[in-house]
Amino acid sequence: MKFNIFLLLLATFLAVGSPQETQIYPGDYFIQNIDTYKYWAKPISANDGIPLKIEQTEAAVWKIITVGKNFYIRPLSKVKLSVALVNDKFLRLKETTPNPQNLQWKINPQGSNVVIQSAADQYAYVNTDFYNKVEYLSPGSDAEAKWRLIPYAANKRIKLQ
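Under mature numbering (1 follows the signal peptide of the UniProt record, and there is no 0), read the sequence shown as residues -19 to -1, 1 to 142, first letter to last.
This is how it looks when you write it as structure tokens:
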């Protein structure tokens, strides 16, 4: 009897003390670079790279949608477009078609930050380039949590462009 109570207490302490993995939920988010504190913004045209901006505006809100174990990342104002891996290196907005791997992303939590990884290439991770654009994927050695997802509250007043 004492042994059973001991096991129950031990299991309870282990469950309570174990770190819980952060869950990524579908929704609307600002995606912030943890080094520069700038946010992903909607590009002027679909052929441009994704710029980083200082302001939290509606142009910087992204809709994250679940696709199996992966995610689509779409600008809030253009939900028919998704962030796509183009030529194995560049990030562009492309029209969403049913389940293409180059439009899907893995978002892996690491503490309060996330790693954004291509579902099409397990060694490719979203990073920033020299010009402060989110338009290239770095090799697996840069699999650091460089991004923070900040929930967007639609009823919160923000400065519009």
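Even glycine gets a Cβ: it sits at the ideal position worked out from N, Cα and C.
The DSSP-derived three-state label of E76 is strand. With a cutoff of 8 Å on beta-carbon distance, A100 and K87 are scored as near each other. Where N68 is concerned, there is no enclosing beta strand (DSSP E), because DSSP gives it neither an H nor an E. Annotated three-state conformation of N28 is coil, per DSSP. Counting every other CB atom within 10 Å of its CB across the protein chains shown gives S63 a total of 16 or more, marking it as buried. The DSSP-derived three-state label of Q91 is strand. Annotated three-state conformation of Q37 is coil, per DSSP. By the 16-neighbour rule on beta-carbons within 10 angstroms, Y106 is buried. N68 has its alpha-carbon roughly 26 Å from the corresponding atom of L130.
Y18 and Q4 have their C-alpha atoms roughly 22 Å apart.
DSSP, reduced to helix, strand and coil, places N83 within a helical segment of the structure shown.
For A124, same chain residues with a beta-carbon under 8 Å away, outside a window of 5 residues either side, are V96, Q98, Y106 in chain order. In the three-state scheme derived from DSSP, where H, G and I count as helix and E and B as strand, T109 is classed as coil.
Taking C-alpha positions only, N51 is separated from A22 by approximately 21 Å. In this structure, the alpha-carbon of R55 lies about 23 Å from that of D16.
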